[in-house]
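Numbering (our numbering), first residue to last: 2 to 575. Just so it is clear, CB atoms sit at the ideal spot from N, CA and C, and this is done for glycine as well. Predicted, not measured: the structure shown is a model, and the values here were computed from it.
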C-alpha cells in the first residue's frame, strides 16, 4: 500500500543549476510568482522549496523563498536550511515533512507558552536533545517521545553502573528497541511511515507489538497486531466492549491481577479490569482451536515476544553486537510483563527495571542535554589535501551551532562541540559516522579517520572493501549544553528477609508460566526495601505497572530502588 502524500499540490519552477554551480536555466521568477499566487488564493499557506542541487547552491531556493514571503505564505521550508544533504528525494521528503508539521507544532508551542508566561520552555527532538521552543521544527519532532526514553534509559543505567544496555520500551501500540554502549546511536537517514527522512534521529527500531495489539485467529494461525485496540474501546478487559489484545492474554495467564491494578476502567472510569470478559473471549478461541484457553493465551504472548526479540536482533546481532553480554532495560507501561520472556528469547540473563519505568520517556526529557546539530554535504575524497576544506566546513558548522545555542540564552562557557565526518566507500551508498579526531598533523588525522571507519564497517558488515577509496559524504557538528544529572538517593541495603514470614507477600496467586500453572508470590513494590530478594515465579505490582518474575528468574531491590532481575537457571537460547 503506497503511503499517502503529505503535499497537496506541486508547482514546478522553470530553473536548473548544474552539479557544479553553473546556471543551466535561470529562474523564471515571474512565472513562479504567478503559480504560487494562484495556490495562495486557493487557501494554501505552507510551502516546501526543493530544487536540484539546492543543498549546495542556494541562490534559486532563496529567491523562491523571497517570492513566497512577499505573497504571504506563513510557513516556508527550504531544503538547504532543512536538510542540506545530497539525495534529492530524501531531502525533498524531509523538507515536505517540515513544511507539513511545523505550522501544527507552532500552534501547539504557542498555546503551551501562553499558559506559562515567563517560563523558559524546551522541547525534545528526535536526536535526543532539547531545544528552545521557538527553534523547534517539524522535522525534529518525529521520534521525540521514544528519544526521551533512550536518554532516561542511559542516564539511569549509568547510576546503576550498567554500561551496555538494550532498551525495551513497550507501550500500548508498539515496542521501541534501542542499543546503548556509552554513546547515543543516531541515524542520519531513516524511513518513517514510508517517508524518507534526512535528519538526525535516535537509532530506534519499532514493531507493532504493544499491550493494545489485537489478537486474531484466521482459521490457520494466530496473529498479533499490527492493529491496536487503542485507548477506546481498548482491550477486552477495559470493560468498553473491546476485543482481545496482548494485555488480555496477560490477564488470562494471571500475570496481571485486576485487584492490584488501578480501577480506571469501564464507562465511568471507576472499575477494575474485567477477568470475566477475557475468559469468555478466550473460551471462544479455545473452542475454535481445540486447545485450552491458557495455551491459546500463552501462544499469543509467545508470538509477541518473538516479534520483540527479532526487533532487538536487528539493532544488535545484525550490527555485530553480542546481546548476551548486555542488560535488558525494560520500560513503558507493558515492558515489565514481558521482560523475562524477551530476555530468555535472546539468551540474556539480566533485566533492569527503574522505579519510574512506566514514565521513563518523560523522565528522560527532564535529564536530556540541550543540543544543536548542524550538518552539511561536502562529497570529497578522504585525503590529506582535502582536509583544509573539511576543517573549514566543520568550523563554520560549529560557529552556527554555538551561535544557535547562544540565541537560546545559555552560557557560552558550558558549550561543548562534537565534530563528526560521514564516510563511505567510493561507489557505495552506506555512510558511517566517525568522530573527527584531534591529531598532530593531517596525515595522522586521515589515518585515524580511516581506522575508525574500518572498525565500524567491519563490525557492521563483517568485511572490508580493500583497495576502494573513501569519500567524506558529509560533516556534522553537535553543540551540547549538559543537562541535569539525575539525583537518585542511595539507600542502605537491608539483610535479606523471608518475605512470606514478614508479610511482604500479600498472597499467592495462580500464574501460567512455561506451559503450566504455578503458585506465584504477589508482592507490592511499596512493601519492599532495598536488599529484598524475590525468587520467581512472582508478580511485583506497582501503582501503574506490573513486573513479572518468570520461573527460573529472581528479582532484587537495589540500593537505588531499582529492580534487578537475574536468570538463576541455565536455559538454552531459543
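Can you name, in chain order, every residue of its own chain whose Cβ lies under 6 Å from the Cβ of residue i, other than the five neighbours on each side?
i: residue 480; result: 373, 402, 403, 406, 416 and 418
i: residue 77; result: 48, 66 and 69
i: residue 574; result: Residue placement at residue 574 is flagged as unreliable, the pLDDT there being 47, under the threshold of 50; a coordinate-derived value is accordingly withheld.
i: residue 228; result: 215
i: residue 25; result: 17 and 19
i: residue 40; result: 10
i: residue 185; result: 129
CB-CB under 7 Å to residue i, same chain, minus the five flanking residues each way: which ones, in chain order?
i: residue 191; result: 198 and 202
i: residue 86; result: 56, 92, 199, 376, 378 and 475
i: residue 546; result: 334, 337, 358 and 359
i: residue 327; result: 165, 166, 167 and 349
i: residue 139; result: 98, 99, 101, 102, 103 and 106
i: residue 89; result: 53
Determine the extent of the alpha helix (DSSP H) in which residue i is found, giving its start and end residues.
i: residue 104; result: 89-116
i: residue 339; result: 336-347
i: residue 1; result: What the structure shows of the chain is the stretch from 2 to 575, and residue 1 is not part of that stretch, so it cannot be assessed.
i: residue 366; result: 361-368
i: residue 400; result: 388-408
i: residue 287; result: 276-290
i: residue 316; result: 294-316
Looking only at its own chain, which residues have a Cβ that is under 8 Å from the Cβ of residue i, when we skip the five neighbours before and after it?
i: residue 241; result: 233, 234, 235, 266, 267 and 268
i: residue 382; result: 427, 470, 471, 472 and 473
i: residue 320; result: 180, 460 and 461
i: residue 551; result: 341, 342, 345, 514, 515, 537 and 538
Let me know if residue i comes out buried or exposed under the rule of 16 or more other beta-carbons within 10 Å of its beta-carbon.
i: residue 393; result: exposed
i: residue 490; result: exposed
i: residue 496; result: exposed
i: residue 337; result: buried
i: residue 529; result: buried
i: residue 21; result: exposed
i: residue 503; result: exposed
i: residue 571; result: exposed
i: residue 538; result: buried
i: residue 126; result: buried
i: residue 469; result: exposed
i: residue 254; result: buried
i: residue 508; result: exposed
i: residue 324; result: buried
i: residue 135; result: exposed
i: residue 300; result: buried
i: residue 425; result: buried
i: residue 330; result: buried
For the beta strand (DSSP E) containing residue i, list its first residue and its last residue.
i: residue 331; result: 328-332
i: residue 377; result: 371-382
i: residue 550; result: 547-550
i: residue 169; result: 166-171
i: residue 513; result: 506-514
i: residue 447; result: Element bounds for residue 447: not the beta strand (DSSP E) but the alpha helix (DSSP H), 443-462.
Please classify residue i: does DSSP put it in a helix, a strand, or coil?
i: residue 216; result: strand
i: residue 77; result: strand
i: residue 227; result: strand
i: residue 221; result: coil
i: residue 37; result: helix
i: residue 416; result: strand
i: residue 269; result: coil
i: residue 178; result: strand
i: residue 477; result: strand
i: residue 6; result: coil
i: residue 239; result: helix
i: residue 575; result: In this prediction, residue 575 scores a pLDDT of 45, lower than 50, which makes its location untrustworthy; the coordinate-derived value is nonetheless stated afterwards. Residue 575: coil per DSSP, three-state reduction.
i: residue 125; result: strand
i: residue 183; result: coil
i: residue 561; result: coil
i: residue 492; result: coil
Going by CA-CA distance only, name the one from the options that's closest to residue i.
i: residue 160; options: 521, 557 and 487; result: 487
i: residue 298; options: 153, 100, 281 and 15; result: 281
i: residue 189; options: 177, 128 and 231; result: 128
i: residue 562; options: 554, 532, 156 and 540; result: 532
i: residue 445; options: 316, 388 and 430; result: 388
i: residue 145; options: 173, 205 and 95; result: 205
i: residue 317; options: 162, 228, 148 and 461; result: 461
i: residue 472; options: 351, 385 and 132; result: 385
i: residue 239; options: 304, 301, 449 and 173; result: 173
i: residue 451; options: 441, 422 and 477; result: 422
i: residue 176; options: 465, 210 and 279; result: 210
i: residue 309; options: 367, 208, 286 and 293; result: 208
I'd like to confirm something about residue i: is its beta-carbon nearer than 8 Å to some heavy atom of the ligand ATP, or not?
i: residue 386; result: Ligands displayed in this structure: none; no statement on the ligand ATP is therefore possible.
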